[in-house]
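The sequence shown maps to residues 2 to 213 in this note's numbering. Where a beta carbon is used, it is the ideal one built from N, C-alpha and C, also for glycine.
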Amino acid sequence: MVEPVILSADILTQARLWRDDCLRRWNEAGQLPPPRIGEAIFTSPVDGSQRRVVLDLYPLILGGVRGKTRPGVLEADETETEGYTIALNASMINPALDSLLAIILHELTHALDPECDKDIQMQNPATGIRVILSSMQQYDLASERRAFSAMWTADLAQDILDGTYHDPDDAITRYCLRATEFAAFVQYTHHLHQERLEHFSKIVDALKSRGC
Ligand SMILES: [Zn+2]
C-alpha cells in the first residue's frame, strides 16, 4: 500500500488563502502573462524538505486538465528559478461549481511530495524521449493515489467540525459529486479502493487528533 500524505494545518491555511485570492482575482484569469496568485515556502509533510511553490492562474492549459504542477518557476524576467509552479486552468474551472480548494490541494500535494518528483523523472528520462502514460497508468502512480486522497483534507476537516463526517465510504461517495476527476479516479480504480479507505481513515485520524 502507498501511504497517504497528511497535509499540515499550515498547508491547509495557505491553500484557503490562495483559494480566496483566486476568487478575488478571477477576472484577471485571461491575462498574459498569467497572474501570480501567490508564492509560499512549505515544509513537505513527507520528508520535511523546504519547498517554494507558486500559484499561477492560466487562461488555458493544453491537455484538458484543471490543474498542473511542474518543477521550476518562470520569473517575470523569463529566467527559470528553483521551486514548483502550480498552474490552474481557469478556462476549465467554474469557481461557482467546482471545488477550487480541492483542486489546489491536489496540486499542492504534488508540489510537496517526493513521490511526484520520482514520477515526473520516470516520465522524462535522460534519453529525452518522454514516456506517455494512459489515464489508467496515471491513476496507478503513487503520487496520484496520494493526491486524490489528500485533496479532500480540508473538506474532511470541515465535515468533522460540522458533524457531517460518517465514514470513509460515505465521504468518498459524496466527494465524487464535487469533482469529476475524482469520480473518474474512483470509478476506474476499484483495485485501489481499500487503499483509498485507509488513506481517508488516516487523514481523519490525524485531523481529529490535532482538532482539525
Ligand atoms: Zn494529479
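Taking residue i as the reference, give the member of the options with the closest Cα.
i: W1; options: E182, P96, T154 and D156; result: With the chain represented from 2 up to 213, any question about residue 1 goes unanswered, as that position is not in the structure.
i: A202; options: S136, A158, I105 and C117; result: For the sequence presented, residue 202 should be read as Ser rather than Ala. Nearest of S136, A158, I105 and C117 to S202, Cα basis: A158.
i: R37; options: L18, R179 and Y59; result: Y59
i: T86; options: M93, G65, D118 and D171; result: D118
i: E79; options: L33, G68, R53 and A91; result: L33
i: S210; options: S9, V3 and M2; result: S9
For my contact list, residue i and residue j are in at a C-beta cut-off of 8 Å; report their separation, rounded to the angstrom.
i: P5; j: I204; result: 6 Å
i: A143; j: E116; result: 4 Å
i: G84; j: V55; result: 6 Å
i: T70; j: E76; result: T70 to E76, Cβ: 17 Å. No contact.
i: I7; j: A207; result: 5 Å
i: R20; j: L98; result: That pair is no contact at about 14 Å.
i: G68; j: A88; result: 7 Å
Helix, strand or coil: how does DSSP classify residue i here?
i: Q195; result: helix
i: T44; result: strand
i: Q32; result: coil
i: H111; result: helix
i: H200; result: helix
i: R211; result: coil
i: P96; result: coil
i: T80; result: coil
i: T165; result: coil
i: D141; result: coil
i: W153; result: coil
i: M123; result: helix
i: V205; result: helix
i: T128; result: coil
i: V66; result: coil
i: R179; result: coil
i: V187; result: helix
Could you tell me which residues DSSP puts in a beta bridge with residue i?
i: L56; result: G39 and I87
i: P72; result: Y85
i: Q51; result: T44
Problem - Contact between the segment 107 to 114 and the segment 144 to 159 (3+ Cβ pairs under 8 Å) - result: Yes: the two stretches touch, three or more of their Cβ pairs being nearer than 8 Å.
Practice task
Please confirm if the segment 171 to 191 is in contact with the segment 132 to 143, defined as three or more CB-CB distances below 8 Å between the two stretches.
Solution key: Between the segment 171 to 191 and the segment 132 to 143, the count of Cβ pairs shorter than 8 Å is three or higher; the stretches touch.
Exercise for the section: Take every Cβ of the segment 9 to 25, pair it with every Cβ of the segment 36 to 53, and state whether three or more of those distances are shorter than 8 Å. Expected result: The segment 9 to 25, when compared against the segment 36 to 53, does touch it at the 8 Å Cβ threshold.
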